[in-house]
Amino acid sequence: MIRVLIFFLTFLYFTSNAQESQPYFIGENHWINSKTLKEQREISIYLPENYKSTKTNYPVLYILDGQRYFLNGVLYQHTLKWQDKTPDFIVVGIKTNNRQRRKLFSSDSKIFIQFVNSELVPYLENNYRTSSKRYLFGWEMAGGLAMEILSSTHNLFSAYFISSPTHLTDERLQKLSNKLSQNKNPTELIYVTLGSNEDWALSSIEKLQKILRDNNSSKLKWKYELYEDENHHSTPTLTMHKGLNLYFKDYVYLRFKSLKEFEDFGGIDQLKKHFVERGKKYDISKAIHKNTKHFLLLQAMKENNFESFLLFMNEFKDYYKTKTRDSWFNRYAQFYLKHNHPNQAIEILSHGQDKFPDSAILQSSLGDAFFSTGNKEKARNHYQKALHLAIKNDNDNINIYKTKIERIK
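Take the sequence shown: its position 110, counted from the start at 1, is 110 in the working numbering, and no numbers get skipped.
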């Protein structure tokens with residue numbers, strides 16, 4: 001699986017566009033003139049697709065060893081964004097060759113941390129619309145370096161995703177312990193992983209876990225996972241995916257399996273509070289997500305709970321008008337009719353008719369609604385329109401509409 005992913009990422013990076021014969025690249029390469037490192041540093045920057053058309057301030061994912069793992073951060077976003085399972089974020093790959101990283105991630109780590117803190121992060125924040133949320137990914141030596149960054153800086157990153165860390169020295173671990181004991185909220189999340197064959201790292205990981213347990217904080221979440229069937233070189237892909245999933249857990253829209261689960265969650269008041277907090281965290285709308293509205297209305301109909309259905313319809317106002325299929329206007333209207341509320345059904349169906357003028361099913365349901373009020377003339381008129389549209393569009397319900405017309409005679 002890992003080989004396939006690497007092939008796909010490489011293909012994505014270097015494939016040419018056949019029509020225009022232009023190479024296809026993801027992101028842009030930038031050079032930073034670093035006074036701290038006394039050299040030009042190359043970084044890769046990927047901006048969300050809608051960056052230029054919005055005024056949003058975006059979180060930033062910084063990836064150590066960007067020469068290897070930059071595309072993993074981009075791929076995560078491309079895979080999940082279309083279903084709104086992740087927010088947009090900027091991806092920054094910090095490139096470091098093997099010769100440099102052995103010094104900069106270990107013996108010269110203080111210099112590299114100064115570069116990140118005083119030059120790299122300010123460069124991004126001065127040139128791009130960034131939010132206060134920053135995330136750091138580090139593998140192997142970069143994982144040990146990440147823990148030193150956490151210990152040496154003041155709330156520089158909101159989350160740390162650490163894959164197969166090495167160089168978790170006693171000095172670094174002691175600095176981390178001191179930092180956590182003095183500051184209970186240095187970050188929001190620490191996610192650490194190992195492959196099942198990395199026995200040599202278990203001792204340092206145990207020490208790290210003890211430090212995190214001893215300095216427990218309600219605002220600092222941490223998790224350690226031992227990946228079965230993964231190794232030192234395959235853990236980064238899973239770590240980035242699962243780590244980001246864990247951090248963005250509150251971004252994904254809420255879906256309740258039952259109305260009882262919704263009530264146990266805290267009902268409509270807690271739902272509103274959740275999405276207000278979500279909006280603040282990700283600099284997005286504070287409104288209840290459209291998919292959450294959809295599934296709550298659907299659950300009320302499934303459980304035949306008209307009281308909850310009315311509550312959601314009232315709280316979500318004109319949400320039903322946003323539906324992109326005539327069948328949903330019909331379902332909502334038929335549920336109103338089932339519970340003897342024809343006027344509400346007529347209102348919904350009228351909006352649906354305006355949006356889908358060629359919908360036979362909406363015309364038929366309007367006939368049902370007017371028939372239930374005793375207005376047979378209007379009912380017959382809508383049934384005839386339904387029949388006409390059904391014949392025109394070769395609809396399977398032709399005989400049903402004929403039967404409805406005949407019952408009025």
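A virtual CB, placed ideally from N, CA and C, is assigned to each residue, including glycine.
If one requires a minimum length of 3 residues, the beta strand (DSSP E) runs lying completely within the region 138-221 are 159-163 and 189-195, in chain order.
Using a Cβ-Cβ distance cut-off of 8 Å, the region 134-151 and the region 162-172 are in contact, since at least three pairs of beta carbons, one from each stretch, lie closer than that value. Sixteen is the threshold: when 16 or more other Cβ atoms of the shown chains lie within 10 Å of the Cβ of G243, as they do, the residue is buried. Contact between the region 24-42 and the region 105-125 is present: 3 or more CB-CB pairs across the two stretches fall below 8 Å. Apart from the 5 residues on each side of it in sequence, D84 has no Cβ closer than 6 Å to any other Cβ in its chain.
By the Cβ neighbour-count rule, L64 is buried, with 16 or more other Cβ atoms within 10 Å of its own. Contact check for Y76 against T130 fails: the beta carbons are separated by 8 Å or more. According to the DSSP assignment, I391 belongs to the alpha helix (DSSP H) that extends over K376 to K392.
DSSP places E406 within a helical segment (H, G or I) once states are collapsed to three. By the Cβ-count criterion, K385 is buried, with 16 or more other Cβ atoms from all chains shown falling within 10 Å of its own Cβ. Fewer than three beta-carbon pairs drawn from the region 238-254 and the region 168-187 are found closer than 8 Å, and the two stretches are therefore not classed as touching.
The Cβ atoms of L259 and A300 sit closer than 8 Å to each other. Per DSSP, reduced to three states, the secondary structure at E39 is strand. Annotated as proximal: D88 and N50, with beta-carbon spacing under 8 Å.
The alpha-carbon separation between Q174 and K110 amounts to approximately 16 Å.
Its Cα nearest to that of K355, the residue W328 stands out among N375, F371 and W328. Here G73 is buried, its C-beta having at least 16 other C-beta atoms within 10 Å.
Under DSSP, V91 forms a beta bridge with Y46 and L61. By the neighbour-count criterion, in which a residue is buried when 16 or more other Cβ atoms sit within 10 angstroms of its Cβ, N330 is buried.
When secondary structure is reduced to three states using DSSP, H30 falls in the strand class. Counting along the chain, N291 sits inside the alpha helix (DSSP H) bounded by residues K290 to K302. Linking N97 to I32 through their CA atoms gives a straight-line distance of about 16 Å. In this structure, DSSP gives T130 an extended state, which the three-state scheme calls strand. In the displayed model, E225 falls within a strand according to three-state DSSP. With a cutoff of 8 Å on beta-carbon distance, A379 and L337 are scored as not near each other. Nearest neighbour of K179 by Cα position, chosen from T153, K223 and A159, turns out to be T153. DSSP places Y253 outside both helix and strand once states are collapsed to three, so it counts as coil.
Taking a C-beta distance under 8 Å as the contact criterion, S359 and D326 qualify as a contact pair. Residue environment analysis places Q270 among the exposed positions, since fewer than 16 neighbouring C-beta atoms fall within 10 angstroms of its C-beta. Y62 sits away from L150, with the two beta carbons spaced by 8 Å or more. For the pair D283 and T56, the Cα-to-Cα distance works out to about 7 Å. Pairing I190 with Y227 gives a Cβ-Cβ distance that is not under 8 Å.
Taken atom to atom, the span from the alpha-carbon of Q67 to that of I94 is near 7 Å. Straight through space, the alpha carbons of I43 and Q114 are spaced by roughly 16 Å. A check of alpha carbon separations from E171 across L208, I162, K281 and F157 identifies L208 as the nearest.
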